[in-house]
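Numbering (the numbering used here), first residue to last: 1 to 331.
Using N, Cα and C, we set each Cβ at its ideal position, and we do this for glycine too.
Working notes, structure below.
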Amino acid sequence: MTRIFSGVKPTGHLTLGNYLGAVRQWVAADQEPDEALFCVVNLHALTVEHDPARVRRLSRQAATLLLAAGLDPQRCTLFVQSHVDEHTRLSYLLECTATDGELRRMIQYREKAAKSLGAGEGVRLSLLTYPVLMAADILAYGTQEVPVGEDQRQHVELTRDLAVRFNQRYGHTFTVPKATHPAVAARVMDLQDPGSKMGKSHESGAGIVYLLDEPGVVRKKVMRAVTDGGDGVVHDRAARPGVANLLDILAACTGTAPEVLAEGYSGYGALKRDVADAVVELLRPVRERHTELAGDPGAVEAVLREGAERARGLARPVVDRAYEAIGMLAP
Ligand code: AQP
């Protein structure tokens, strides 16, 4: 059995990128409650301008969608980050392990800080430090594998560095985890801007397929996807990113390699129609199940309460050990 941990932050409605890059892997991996932990990482949503009521609403929605996507609370632990204090307790010790320089090198920090400054907003200190909180999320559970999209590679590398450094300084305390990525669609790109990741917090939703989009909306977004100049349909991420993105999405839906799929098309119209059909069918059961589950919010809350209790029981001894190792007196 492999201990796995991963999370999603409630900064917007979950997207096809979240689903193909992460959530689908979680559903395939869920094994036993003690082995697979999935978390709505709501503290991470506070690192940029936020509306408290919206974060609460999106947190509930994210948990409901994860269940709708197929996470089984009998076979995994699903919980909300802020319900388990061990994450922030451990984060401080890891802040005392990380350096200012390595956090300032994080690509997501640099991009988001530049965006906040460009909008005339201050940059929250937590935007700089949140990769350390993410490291704590992972290390608190003795995690071995972290199934994530490609964009999280650098943060998981930091987590590994912090675990190794802590262990070297204070004695073996943490398991050193590794990131795992899906074979295709590890980085789904925005349909209107195939040079950028499909991200749920982007302002314009035109290039983003949300899991709860109606089929008609999904079709419209896919049919209007930006494609590239050039003849024929080929899978070339560097030269033809728009078409490569559509082929990757179709590959993730059908299980056929994108290069093989490309050979079957001579024009973009037929490719887009097939992508639209495949995505609509992929998301249909998730939307339907979400409607059912959203009708019983009490049941979802009960899952999250039980999940938090289980998670606390797993994290507490690891974090206590870390406090002792770093030199804190036992209470
Ligand atoms: N486009 C994507 N393709 C593949 N995987 C993706 N993930 C996110 N976007 C894609 C993966 O989904 C998991 C949860 O993501 P997250 O909630 O941590 O981040 P996000 O959806 O990228 O959130 P935001 O708020 O929209 O962030 P920004 O502003 O950075 O775009 C992760 O495993 C992630 O890799």
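For residue i, collect the residues of the same chain with a Cβ closer than 7 Å to its Cβ; drop the 5 residues on either side in sequence, then sort them by chain order.
i    : result
S196 : M189, D190
T97  : L162, R165, F166
S91  : V132, L133, A136
L212 : H13, R287, H290
A62  : V8, P10, L14, V40
Have a look at the options and flag the residue whose alpha-carbon is nearest the alpha-carbon of residue i.
i    : options                : result
S201 : Y265, Q108, T254       : Q108
R385 : E95, R24, C76, K9      : There is simply no residue 385 to check, as the chain begins at 1 and stops at 331 in what is shown.
G229 : A239, A315, V222, P182 : A239
T15  : Y92, S266, V27, V209   : V209
R321 : M106, R89, L67         : R89
A206 : A22, G242, D193        : D193
A135 : E157, G216, G171       : E157
L314 : G171, V286, V84, L58   : V84
G12  : Q25, D51, P215         : D51
A183 : T291, H155, V148, A270 : V148
D274 : L127, V243, M198       : V243
G216 : E324, R57, A276        : A276
L93  : T129, P241, Q74, A262  : T129
Y323 : G199, S266, G171, H44  : G171
E102 : Q74, P131, E121        : P131
H155 : R105, G118, T173       : R105
A113 : C76, E49, A53          : E49
E263 : V233, R312, S126       : V233
R75  : H44, S116, R57, L37    : L37
P284 : V303, G118, S266, G70  : Note on residue identity: the sequence assigns Arg, not Pro, to residue 284. With distances taken between Cα atoms, R284 lies closest to G70.
N245 : G255, A225, E214, T256 : A225
Would you decide whether residue i is buried or exposed? Buried here means 16 or more other CB atoms lie within 10 Å of its CB.
i    : result
E145 : buried
D137 : buried
D248 : buried
H235 : buried
S6   : buried
M328 : exposed
R310 : buried
G307 : buried
P258 : buried
A330 : exposed
K220 : exposed
Q168 : exposed
M291 : According to the sequence shown, residue 291 is Thr rather than Met. With fewer than 16 other Cβ atoms within 10 Å, it is exposed.
V286 : buried
V260 : exposed
M1   : exposed
K115 : exposed
Residues in its own chain within less than 8 Å of residue i by CB, not counting five upstream and five downstream?
i    : result
T175 : R3, L139, G142, T143, Q144, A163
V279 : L16, V209, V218, V222, I249, C253
E293 : Correcting the residue identity first, residue 293 is Leu in this sequence and not Glu. Closer than 8 Å at the Cβ level, and outside the excluded window around L293, lie T64, L67, A68, A299, V300.
E150 : G21, H181, A186, R187
N42  : K9, P10, V55, S59, V80, Q81, S82
P241 : M189, P194, G195, D228
Name the one or two DSSP bridge partners that residue i has.
i    : result
A36  : I4
K178 : E145
L78  : F38
M189 : K197
Y130 : In the DSSP output, where bridge partners are listed per residue, Y130 has none listed.
T15  : Y210
Less than 6 Å between C-beta atoms, sequence neighbours within five positions excluded: which residues of the same chain meet that for residue i?
i    : result
R124 : T47
Y268 : T227
R312 : V84
If you measure from the CB of residue i, is any heavy atom of the ligand AQP nearer than 7 Å?
i    : result
S201 : yes
M198 : yes
L329 : no
V209 : no
L125 : no
G195 : no
N167 : no
K221 : no
G216 : no
S82  : no
R187 : yes
A22  : yes
D274 : no
T15  : yes
N18  : yes
G12  : yes
Q152 : yes
V40  : no
V132 : no
K9   : yes
V148 : yes
S6   : yes
Q108 : yes
Is residue i close to chain C? Criterion is C-beta to C-beta, closer than 8 Å.
i  : result
F5 : Among the protein chains of the structure shown there is no chain C, as only one such chain exists.
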